[in-house]
Structure formats: C-alpha cells, structure tokens
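Engineer: Have a look at the structure that comes next, please.
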Amino acid sequence: EIVPGLAESWEIADGGKTITFHLRKGVKFHSVKDFKPTRDFNADDVLFSFNRQWKTDNPYYNVSGGKYDYFNDMDMPTLLDSIEKKDDNTVVFKLKTPNVAILANLAMDFAAIDSKEYADFLIKKGTPEQLDQIPVGTGPFSFVAYQKDSVIRYKANKDFYGEKPLVDDLIYAITPDPTARYAKLKAGECHVNAYPRPADLEEMEKDPSLKVVNMPGLNVAYWAFNAAKPPFDKKEVRQALGMAIDRDAILKEVYLGAGDKASTLIPSTMWAYDSAIPQTPYDPEKAKQMLAAAGVTTPLDIDLWYMPVSRPYNPNGKRMAEMMQADLAKIGVNAKLVTYEWGEYRKRMANGEQITGQYGWTGDNGDPDNFFFLRGCPGGKPGGSNPTKWCNAEFDDLLVKARLVTDQAERAKLYHRMQEIEHDEAPELLIAHSIVYEATRANVIGYKQSPLGTHTFEGVDIQ
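6 is the number of the first residue of the sequence shown in this note's numbering; add one for each residue after it.
Okay, structure coming up:
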C-alpha cells in the first residue's frame, strides 16, 4: 500500500502522464557538524534530488561515480518528460508514457530527497562528495558517523514530522558473520539480529531472553549465467547446467527447509505469479546430453562466484556453492569457487566480470515490475542490476507494455508470458524463495518485520 510521506497527497491526470504532488509543509532537514538548514523542505529539494540522477549537466551528476542503478534500470531517463516546480509545495511530474508502477517506484530508496541547500553549501565548500558521505535527510533518525565495515551511528530526530522515535540512539553494528551476530545478541550487545543462520533458529526459539519472528520472503535466490560470454550465450548450455543442480538438497541443507524451490523470479504470494511454469528438473544425465548437443566438450572449466555474506534469500553462499560444485563435477564441469568482499562482489557482478555467480533479490515495493526489471535490457548494461547480461526483445517489449496497463488481470497475462520466456531462455537457475527470520531481545517492543527486507525503528522501544 502506498501511503503519504513527504508528499501528503497527489493527483494523476492526462491519462496517467501527469502526476501532481502536494508536499508536506513544515518538514525540517537534519543538521550536521558544519551545516544547519535555514529553511524547510520544499519543491527545490525534490527537483534537485531527481535532476542529480537525470541531468548530465547537474553539478552533482558525476559525484560519487555518477552511477544511478535503480534510476536507470527502471528506465526513468526515458520515462520522464519533465519535473516542474509549481510553487514551493507543489511538484508536477510529466511522463512521456503512463506507468502504473511509478508511484510504487517513487516510494523506493532511489527517490529519497536530499537537501538542495546542503548540496549548494558543499559545492561552495569544495566538498560535494560529502553529500553522500555525511547525508542530510528528513527521517526519524539523523546520521552521526560511519566507520567503514564496522558501525553506522544515528541519533533520534526530535524534529521529525511523524511519530517521534522512542530510542535516542540507533547503532548498526556491521557484522557479516551470522555466528558472531548471534553471539552479540545472546550477550545483549545488540538488540536485533537480522538474517540468523537456519541452524541457530531452534536454539533461539527456546531461549526465553529472545524473540524470533518470520514471514515468507518477497525474494528470490538464483545462480546467474552471463549470457554475454561463451558458452553461456547458448540457452541450451544454460538449461543444461541448471538441470545439474540438486535444489532439493540445497533447500534441505542450506535453508533447513525454510523456503521453497523457485520456478519464476516472483514468489507465489504475488498476484502475477504463473503457477503453470514448471520447475527446472534435477537431471544430470539429460544435462550431459544437452551439453554434448550444444557442442560443449567436457571437462569444462568455469568460475562459480559465491556470495561472501548471508542474505535473506541465501543464508550460506559458500556452502551452497560447494554443493553446486559437487553437482557440476558429475556432468564434467569443473567449477572454481570465487568470491570477493561484498561491495566489490556486487560491483564486479554489475559490470559483468563473472561467467556465473550467485545473486538474489528482495522486492522493494511489492509490484511485479520491481522483479522483472531485473531482466530488462537496460539493466544488462555495465553497472546495471541484471547480472545475467541477457537481453530479449520480446521480454523487454512486454516489460514496457505491463507498465502501461492499468487492469491487473491484463497485466498478469503479460507477466505470465514474461515468465514463460524466462523459463525457456534460462538466463539463470532460480533456486529458492526463502522464509525470512529475524531475532530480537525479548525486551524489544514494537519491532515489526518488513516483507521488503528493510529494518525500520519507528515505534520501537526497549523495556
């Protein structure tokens, strides 16, 4: 459900091509060490935040690398015709074509609003990169400090326009190792543990000092084949390697049953899910035959990149990779396991350096477009969100059409066809949709799990 935030209300006109947003008045930006805002949030901030990602002549366009993956992968540069300030509290978005997913997309992180006053101040100071390193926003918590790979500190924003925070300090202790996270939770060093190991859940649930919550994840884990690199430019090779992997064994050992095998990018809880799409079978013998028919001689050497961190959709990338490596060996494929630090891993995957690699997705807004754009041609460009680098003209055409149709049943038909194409083309082996668990100390009250994988702390307190 899309609810008001910095925009209190909006109207859609011109057949869906004009959206007028009425901005909330009296919203205060945060203050930081050397900057204190002199005015409230207004339309200038909205225009700056979008133009920074859109207009190449904007002084901030190339700051921090000039890559705006979400903005570009969802085709915002093509979709937007203009963004106009009607007055301080009114902004008008004009689109070249209607897009039924636009409101859901504008509720995502890429549409967060920066302070133009702060940005101008930093330009004069000569430190524009500080906009991204020491951010100024309008939310319930304001940024205090960041220590790379260690900790992020926030403090309560007493001027927040909504429900005031109940805790004074919010600290994210960056702890990639799930065993270390659990140890901190048990010791009372932290209050919320994201993505616990499935193997620890039974013990957690028996501990009276802890609470465990779970929900079906709006997510997918997959093994991406780089369709831009031989031999994975042939769909028969991609199909064959998919058949070599025993996903039932992975669900049992890696997920401990806390998930379902995936047949499409979207989980069965979404309205566009096509139940007629079959699962990729585990059939090593057929996989061998298909490789031979595709002209691939074995032994075949490949790299299999695995995720170095646990994610909601993949609790143990290394163990999964080891199981996949053993399965591939049975069909004459020698998989060398490769990984990198998580930030570097994501960067290299986006640039298409891998030949195969584990990846996944947690939905941002609940709309099917937010999953299927991952296989769109724009996302296959270097730096994009499509690590398969697969590009299919019919799929892309359907992706665009589905954004124009307002009738949900008609949209579902388009998404069903897209799922058929993806199943046949096999740009990836879809592995699982997981059940997502989180654990908290028993004295934490008001914490609500989100299907979008976010962690929000409005209304959260400690007894």
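Heads up, the beta-carbon is just placed ideally off N, CA and C, and yes, glycines get one too.
Looking at the strands, I want to know which residues DSSP matches up with residue 338.
Structural biologist: 305
Engineer: Please report the distance separating the alpha-carbon of residue 303 from that of residue 149.
Structural biologist: 55 Å
Engineer: Taking C-alpha atoms, which residue in 98, 82, 77, 397 lies nearest to residue 48?
Structural biologist: 98
Engineer: Let me know if residue 138 comes out buried or exposed under the rule of 16 or more other beta-carbons within 10 Å of its beta-carbon.
Structural biologist: exposed
Engineer: I'd like to check one pair, residue 374 with residue 116: are the Cβ atoms closer than 7 Å?
Structural biologist: no
Engineer: Hey, out of 256, 338, 318, whose CA is closest to residue 290's CA?
Structural biologist: 338
Engineer: Reducing DSSP to helix, strand and coil, say where residue 194 ends up.
Structural biologist: coil
Engineer: Between which two residues does the alpha helix (DSSP H) harbouring residue 113 extend?
Structural biologist: Residue 113 -> no alpha helix (DSSP H), and no H or E assigned at all.
Engineer: Do the stretch 227 to 244 and the stretch 333 to 348 make contact, defined as three or more Cβ pairs closer than 8 Å?
Structural biologist: no
Engineer: Judging by CA-CA distance, which residue of 89, 122, 84 is the nearest neighbour of residue 39?
Structural biologist: 122
Engineer: Can you give me the Cβ contacts of residue 425 inside the same chain, cut-off strictly under 8 Å, excluding the 5 residues immediately before and after it?
Structural biologist: 279, 282
Engineer: Tell me which residues share the same chain as residue 354 and place their Cβ nearer than 8 Å to its Cβ, disregarding the 5 neighbours each side in the sequence.
Structural biologist: 229, 310, 362, 364, 392
Engineer: What alpha helix (DSSP H) runs, 4 residues minimum, are completely inside the stretch 252 to 330?
Structural biologist: 252 to 258, 289 to 298
Engineer: Which partner residues does residue 219 have in the DSSP bridge list?
Structural biologist: Residue 219 is bridged by DSSP to 442.
Engineer: Quick check: the Cα distance between residue 181 and residue 308, rounded to an integer number of angstroms?
Structural biologist: 23 Å
Engineer: Is residue 296 closer than 7 Å to residue 245 when the C-beta atoms are compared?
Structural biologist: yes
Engineer: Do you know how far the Cα of residue 41 is from the Cα of residue 93?
Structural biologist: 20 Å
Engineer: For the alpha helix (DSSP H) containing residue 59, name the first residue and the last one.
Structural biologist: 48 to 59
Engineer: Just the C-alpha distance for residue 232 and residue 118, rounded to the nearest angstrom, thanks.
Structural biologist: 36 Å
Engineer: Kindly confirm or deny that the stretch 397 to 411 and the stretch 131 to 147 touch, where touching means at least three C-beta pairs closer than 8 Å.
Structural biologist: Judged by Cβ distances under 8 Å, the stretch 397 to 411 makes no contact with the stretch 131 to 147, as fewer than three pairs qualify.
Engineer: How do the stretch 251 to 266 and the stretch 383 to 392 stand: do at least 3 beta-carbon pairs fall below 8 Å, yes or no?
Structural biologist: In short, these stretches do not touch, since the Cβ pair count stays below three.
Engineer: Closer than 7 Å by C-beta to residue 399: which residues in its own chain qualify, once you throw out the five before and the five after it? Chain order, please.
Structural biologist: Answer for residue 399: 426, listed in chain order.
Engineer: Which residues does DSSP list as the beta-bridge partners of residue 23?
Structural biologist: 18, 99
Engineer: Could you tell me which of 46, 183, 81, 37 sits nearest to residue 58, measuring between CA atoms?
Structural biologist: Answer by Cα proximity: 81.
Engineer: Just to confirm my understanding: we take residue 155, look at its own chain, exclude 5 residues before and 5 after, and list those with CB closer than 7 Å. What are they?
Structural biologist: 179
Engineer: Measure the CB-CB distance between residue 468 and residue 450 and report whether it falls below 7 Å.
Structural biologist: yes
Engineer: Going along the chain, which residues of its own chain have a beta-carbon closer than 7 Å to the beta-carbon of residue 377, five neighbours each way excluded?
Structural biologist: The answer, listed in chain order, is 270, 404, 420, 423.
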